[in-house]
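K.L.:
So the protein sequences, as listed, match chains Y and H. Per this note's numbering, residue 332 is the first one in the first sequence, and the count goes up by one each step. Per this note's numbering, residue 9 is the first one in the second sequence, and the count goes up by one each step. Here a beta-carbon is modelled for each residue, glycine too, at the ideal position from N, C-alpha and C.
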Amino acid sequence: MGTIATIHEMLVKKQVSCTELTQRYLDAVEQANPALNAYVNVTPDTALATAAAVDKKIAAGEEIGALEGVPMTLKDNMSTKGIETTCCSKILTGYKPIFDATVWEILQEQNAVLLGKTNMDEFAMGSSCENSCFGGAANPFDTNYVAGGSSGGVSSAVGGNIAAYGLGSDTGGSIRQPASFCGVVGLKPTYGAVSRYGLIAYASSLDQIGPITKTVEDASLVFDAIAKKDKRDSTSVGGGNTYATLNRDIKGMKIGIAREYLDGVRDDVKEATLAAAEVYKSLGAEIVYFDLPVLKFALPVYYIIACAEASSNLGRYDGIRYGYKTAHYTGTHDMICRTRSEGFGEEVKRRILLGTYVLSAGYYDAYYKKATDLRGTIISAFNKAFEQCDVILAPTVPMTAFEKGHAVSDPIETYLTDICTVPVNIAGLPGVSVPCGFNAKGMPIGMQLIGKSFGEAQILNAAYRYQQAAPEKFRDTKWGVKL
Amino acid sequence: MVTREDVENIALLSKLFVPEEELDGLTKSMQEIIDFADAINNAPASAEGFDCINNLSNVFREDEVVPSYPSEEILRNAPAQAEDHFLVRNRE
Chain Y
332 MGTIATIHEM LVKKQVSCTE LTQRYLDAVE QANPALNAYV NVTPDTALAT
382 AAAVDKKIAA GEEIGALEGV PMTLKDNMST KGIETTCCSK ILTGYKPIFD
432 ATVWEILQEQ NAVLLGKTNM DEFAMGSSCE NSCFGGAANP FDTNYVAGGS
482 SGGVSSAVGG NIAAYGLGSD TGGSIRQPAS FCGVVGLKPT YGAVSRYGLI
532 AYASSLDQIG PITKTVEDAS LVFDAIAKKD KRDSTSVGGG NTYATLNRDI
582 KGMKIGIARE YLDGVRDDVK EATLAAAEVY KSLGAEIVYF DLPVLKFALP
632 VYYIIACAEA SSNLGRYDGI RYGYKTAHYT GTHDMICRTR SEGFGEEVKR
682 RILLGTYVLS AGYYDAYYKK ATDLRGTIIS AFNKAFEQCD VILAPTVPMT
732 AFEKGHAVSD PIETYLTDIC TVPVNIAGLP GVSVPCGFNA KGMPIGMQLI
782 GKSFGEAQIL NAAYRYQQAA PEKFRDTKWG VKL
Chain H
9 MVTREDVENI ALLSKLFVPE EELDGLTKSM QEIIDFADAI NNAPASAEGF
59 DCINNLSNVF REDEVVPSYP SEEILRNAPA QAEDHFLVRN RE
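1) Write down the C-beta distance between Ser482/Y and Ala738/Y rounded to the nearest angstrom, noting that I regard them as a contact closer than 8 Å.
2) Would you please state the rounded distance, in angstroms, between the beta carbons of Phe713/Y and Ile48/H? I believe it to be under 8 Å.
3) What residues in its chain sit with their C-beta under 7 Å from that of Gly650/Y, if we drop five residues either side in the sequence?
4) Beta-carbon of Val74/H versus every beta-carbon of chain Y: anything under 9 Å?
5) When you compare only the Cα positions, how much space is there between Asn792/Y and Gly517/Y?
6) Could you tell me which whole beta strand (DSSP E) segments of length 3 or greater appear in the segment 349 to 435 of chain Y?
7) DSSP three-state label for Gly583/Y, please.
8) Expressed to the nearest angstrom, what Euclidean distance is found between the alpha-carbon atoms of Ala558/Y and Thr521/Y?
9) Do you know how far the Cα of Ala524/Y is from the Cα of Leu760/Y?
10) Under 9 Å, Cβ to Cβ, is there at least one residue of chain Y near Leu31/H?
11) Pick out whichever of Glu461/Y, Ala732/Y, Gly768/Y and Ile389/Y has its Cα sitting closest to the Cα of Ala608/Y.
12) Can you list the alpha helix (DSSP H) stretches of 4 or more residues lying completely in the segment 744 to 814 of chain Y, in chain order?
13) Taking the alpha carbon of Tyr620/Y as the reference point, which residue from Ile588/Y, Leu593/Y and Ala641/Y has its own alpha carbon closest?
14) Where does Thr573/Y land, buried or exposed, given buried means 16+ other C-beta within 10 angstroms?
15) Along the segment 415 to 444 of chain Y, what residues have a CB closer than 7 Å to any CB found in chain H?
16) Assign Asp473/Y to one of three DSSP states: helix, strand, or coil.
17) Taking only beta-carbon positions, decide if Arg97/H is within less than 9 Å of chain Y.
18) Just how far apart, CA to CA, sit Lys345/Y and Ala336/Y?
19) Could you tell me whether the segment 672 to 687 of chain Y touches the segment 453 to 468 of chain Y, where touching means 3 or more Cβ pairs closer than 8 Å?
20) Using three-state DSSP, classify Thr727/Y as helix, strand or coil.
21) Quick one: residues in its chain with C-beta nearer than 7 Å to the C-beta of Gly504/Y, no 5 flanking neighbours on either side, listed in chain order?
22) Out of Phe430/Y, Asp561/Y, Leu626/Y and Ile743/Y, which has the shortest C-alpha to C-alpha gap to Ser37/H?
23) Mind reading off the beta-carbon distance from Ser820/Y to Gln539/Y? Whole number of angstroms is fine, and I expect it under 8 Å.
24) Are Ala45/H and Ile618/Y closer than 9 Å when you measure CB to CB?
25) Do we get a CB-CB distance below 9 Å when we pair Met9/H with the residues of chain Y?
26) Going by beta carbon distance, what residues of the same chain come within less than 7 Å of Ser815/Y, once the five residues before and after it are set aside?
27) In angstroms, rounded to a whole number, what distance separates the CA positions of Asp704/Y and Val26/H?
28) Considering only DSSP beta bridges, list what Ser79/H is partnered with.
29) Please decide whether Arg69/H counts as near chain Y, where near means a Cβ-Cβ distance under 9 Å.
30) Determine the contact status of Arg652/Y and Ala86/H, defining contact as a CB-CB distance below 9 Å.
31) For chain H, check one thing: does any of its Cβ atoms lie closer than 9 Å to the Cβ of Pro754/Y?
32) Using a Cβ cut-off of 9 Å, which residues of the segment 501 to 528 of chain Y contact any Cβ in chain H, in chain order?
33) Using a threshold of 9 Å, state whether the C-beta atoms of Cys464/Y and Ser486/Y are closer than that.
34) Does the count of Cβ pairs from the segment 707 to 722 of chain Y and the segment 770 to 777 of chain Y closer than 8 Å reach three?
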């Protein structure tokens, strides 16, 4: 499998040069992308220039870091200086940032090989990647199914071996849900662990950047690299130190299952999650059941807060400073309204309208204020739950990947797919999705391990021990580079 | 109850045009989402409230003067520019 560890070893042992390896990935992108639609912008020049620099280092006998020379990708909402960054929205067509996101700055210092920018739901609003102005990304297990969203492109690319890893962003499940659909690992870090500087904002109190990888140890390596305090994001705290404790014994670890997380979940997903609990038992962990009734309010709370913040964050797109501008207009107000109406897609407009509604006079107290109060209640409920257990085990998504075109028809039905992922964002907690089985059609099922605030080391430790005990759940696809 | 007038009003506040033929559909879809959001009004009142995640507190710092980005670089992304400025609308 093309993991970070495998690639690092091959480079160090000079079994392949970084330039050859990068070229293999670029060729694989060219071959697989027409079917997967994972990449929206391929950057061969940037990739090959970095690869040449890594080869030079290796030839000079210098030591290289774990992520050095490893081909990877970034979701198209992370700012990359001089490289078009669109959020897969018509309104940002042609926009080339003049600065780098902090995560990209960090990875460039480590000579990460950027193969290109990957597909997403427009402004990260969606659960199927089909809200992208470039069309959705396909699932590498079966291209008739969606990759999930919003980080569908990264998940499709990693699952399809046309990137060794990638960075996604998660506001209500956008890393974990597509990771679950595509049979890969996706970590949503604690709010504040990773700098959001240069991440194009959707809902600032919920957004977090995190890795999507083939294995748990890769997620840990990437997380440790990017989780640094950044003075340009005043909410950033840092805290990446998980790799050293990955293999720790989990005997006696208390793994909690909140019954509400299993309500309404499809049978195959429920069975796979409970089977994972059995694996944990065999590893010496203790399974604790409890109730978390406040979870039933998580979804409306999430949609109210996320849309309210989005309506404010997306106010900046006016056709004046960057991106798309309408061709014909009669005055300034008309120009801005036309630009926004033509530039934003349907779902983005719907969420801006909903956000404006819940923030407007007369509705603020009933919706926005009430939702933020409930957010406090949800946080307290999680704190209480963590008095009884160390880690919470839950399904990542109530179902497996849906067929293309299914999600677009009904917004509320689509919102319901986020029911297991949004509580973590509301409470700012870390959560990792790990492959834990397959349905009758061979589509992947993911489970979610939720930790205490800044408890990434603990959930990754639990995830790693599971991966060691159940390696057959980590299946590769037919696509891309085989190493 | 979300009315057509509500949707027209929030569209104006959001600086979005809603074509007349989409107004009824959008009103219905907004009503459905609001009905769904109304579930929170069945929740117990919380005494706790919410300030921020992870007990973050406001971060103050000295106001350091650092070089800004060159204006020509920033203007390169503008759909229209004139004399070192953003052009908001075409001149008549």
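P.N.:
Looking at the atomic coordinates:
1) The residue you call residue 482/Y lines up with position 151 of the first sequence. The residue you call residue 738/Y lines up with position 407 of the first sequence. No, Ser482/Y and Ala738/Y are not in contact; Cβ-Cβ is about 15 Å, not under 8 Å.
2) Position 382 of the first sequence, counted from the start, is the residue given in the question as residue 713/Y. Position 40 of the second sequence, counted from the start, is the residue given in the question as residue 48/H. Phe713/Y to Ile48/H, Cβ: 18 Å. No contact.
3) Translated into positions along the first sequence, residue 650/Y becomes position 319. Only Lys656, Thr657, Met666, Ile667 and Thr670 meet the Cβ criterion.
4) Looking up residue 74/H in the second sequence gives position 66. So no, Val74/H is outside the interface.
5) For the purposes of this step, residue 792/Y is taken as residue 461 along the first sequence, with counting starting at 1. For the purposes of this step, residue 517/Y is taken as residue 186 along the first sequence, with counting starting at 1. Cα-Cα distance, rounded: 14 Å.
6) 370 to 373 and 402 to 406
7) Taking the first sequence and counting its residues from 1, the one referred to as residue 583/Y is at position 252. Gly583/Y falls in the coil class under three-state DSSP.
8) For the purposes of this step, residue 558/Y is taken as residue 227 along the first sequence, with counting starting at 1. For the purposes of this step, residue 521/Y is taken as residue 190 along the first sequence, with counting starting at 1. Looking at the two C-alpha atoms, the distance is approximately 10 Å.
9) In the first sequence, the residue the question calls residue 760/Y occupies position 429. In the first sequence, the residue the question calls residue 524/Y occupies position 193. The alpha-carbon of Leu760/Y is positioned some 10 Å away from that of Ala524/Y.
10) Translated into positions along the second sequence, residue 31/H becomes position 23. Chain Y contact via Cβ: absent.
11) Residue 608/Y sits at position 277 when you count from the first residue of the first sequence. Cα-wise, what sits closest to Ala608/Y is Gly768/Y.
12) 753 to 758 and 787 to 800
13) Mapped onto the first sequence, residue 620/Y falls at position 289. Per the Cα distances, Ile588/Y.
14) The residue labelled residue 573/Y in the question sits at position 242 within the first sequence. The residue in question, Thr573/Y, is buried, as its Cβ has 16 or more Cβ neighbours within 10 Å.
15) Tyr426, Lys427 and Ile429
16) For the purposes of this step, residue 473/Y is identified with residue 142 of the first sequence, where counting begins at 1. It is a strand residue.
17) For the purposes of this step, residue 97/H is identified with residue 89 of the second sequence, where counting begins at 1. Chain Y, which has a Cβ nearer than 9 Å to the Cβ of Arg97/H, makes this yes.
18) What you label residue 345/Y is simply residue 14 of the first sequence in a count that begins at 1. What you label residue 336/Y is simply residue 5 of the first sequence in a count that begins at 1. The straight-line gap separating the alpha-carbon atoms of Lys345/Y and Ala336/Y is approximately 14 Å.
19) Cβ pair count under 8 Å is three or more, so yes.
20) Here residue 727/Y corresponds to residue number 396 of the first sequence, with the count starting at 1. Of the three classes helix, strand and coil, the one that applies to Thr727/Y here is coil, per DSSP.
21) Numbered from 1 along the first sequence, position 173 holds the residue referred to as residue 504/Y. The residues are Asp749, Thr752 and Val753.
22) Here residue 37/H refers to the residue found at position 29 when the second sequence is read from its first residue. When only C-alpha atoms are compared, the closest one is Ile743/Y.
23) The displayed coordinates of chain Y run from 332 to 814. Any statement about residue 820/Y would go beyond what the structure contains.
24) Taking the second sequence and counting its residues from 1, one reaches residue 45/H at position 37. Taking the first sequence and counting its residues from 1, one reaches residue 618/Y at position 287. Against a cut-off of 9 Å, the Cβ pair of Ile618/Y and Ala45/H comes out as no contact.
25) The residue given as residue 9/H occupies position 1 in the second sequence. Chain Y, which has no Cβ nearer than 9 Å to the Cβ of Met9/H, makes this no.
26) With chain Y covering only 332 through 814, there is no way to say anything about residue 815/Y.
27) Taking the first sequence and counting its residues from 1, one reaches residue 704/Y at position 373. Taking the second sequence and counting its residues from 1, one reaches residue 26/H at position 18. Taking the straight line joining both Cα atoms gives about 32 Å.
28) By 1-based counting over the second sequence, the position of residue 79/H is 71. DSSP output for Ser79/H lists no bridge partner at all.
29) Here residue 69/H corresponds to residue number 61 of the second sequence, with the count starting at 1. By this cut-off, Arg69/H is an interface position.
30) Residue 652/Y sits at position 321 when you count from the first residue of the first sequence. Residue 86/H sits at position 78 when you count from the first residue of the second sequence. Yes. Within cutoff.
31) The count along the first sequence starts at 1 and reaches residue 754/Y at position 423. No - not a single Cβ of chain H is within 9 Å of the one on Pro754/Y.
32) Thr521, Tyr522 and Gly523
33) Counting from 1 along the first sequence, the entry for residue 464/Y is found at position 133. Counting from 1 along the first sequence, the entry for residue 486/Y is found at position 155. Against a cut-off of 9 Å, the Cβ pair of Ser486/Y and Cys464/Y comes out as no contact.
34) no
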